[in-house]
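Letter by letter, the sequence shown follows residues 1 to 57 in my numbering. All C-beta atoms in this analysis are idealised placements derived from N, C-alpha and C, irrespective of residue type, glycine included.
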Amino acid sequence: MSGTSVDLDADFEGKCSPAVVSDADFQPPKDVQFQDYSKMMEDWQKLIPSMSIPASE
1 MSGTSVDLDA DFEGKCSPAV VSDADFQPPK DVQFQDYSKM MEDWQKLIPS MSIPASE
């Protein structure tokens with residue numbers, strides 16, 4: 001839509017209606033594996049003290 005302009009001062013009348021949604025719209029997909037990043041961070045924090053970092057010369 002190159003070359004078109006919009007009058008931002010023009011009146012606009014919109015009509016809204018409530019959406020009809022079901023419980024299925026709020027279910028996570030079954031084929032996606034979600035990660036618990038808080039658990040992952042806890043696991044990393046447990047690993048950090050056990051890591052040995054060589055002293056620089």
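message = My output table needs one value for residue 11: the three-state DSSP class, helix, strand or coil.
response = Within the sequence shown, numbered from 1, the residue matching residue 11 stands at position 11. Coil.
Report the rounded CA-to-CA distance for residue 34 versus residue 26, giving the unit in angstroms. The residue labelled residue 34 in the question sits at position 34 within the sequence shown. The residue labelled residue 26 in the question sits at position 26 within the sequence shown. Going by the C-alpha atoms only, they are around 15 Å apart.
#### Entry: Under the three-state DSSP convention, the category residue 45 falls into
Residue mapping note: residue 45 aligns to position 45 of the sequence shown, counting from 1. Helix at residue 45.
Q) Which value, in whole angstroms, describes the spacing of the CA atoms of residue 40 and residue 29? A) As a working note, residue 40 is residue 40 in the sequence shown. As a working note, residue 29 is residue 29 in the sequence shown. One C-alpha to the other measures close to 22 Å.
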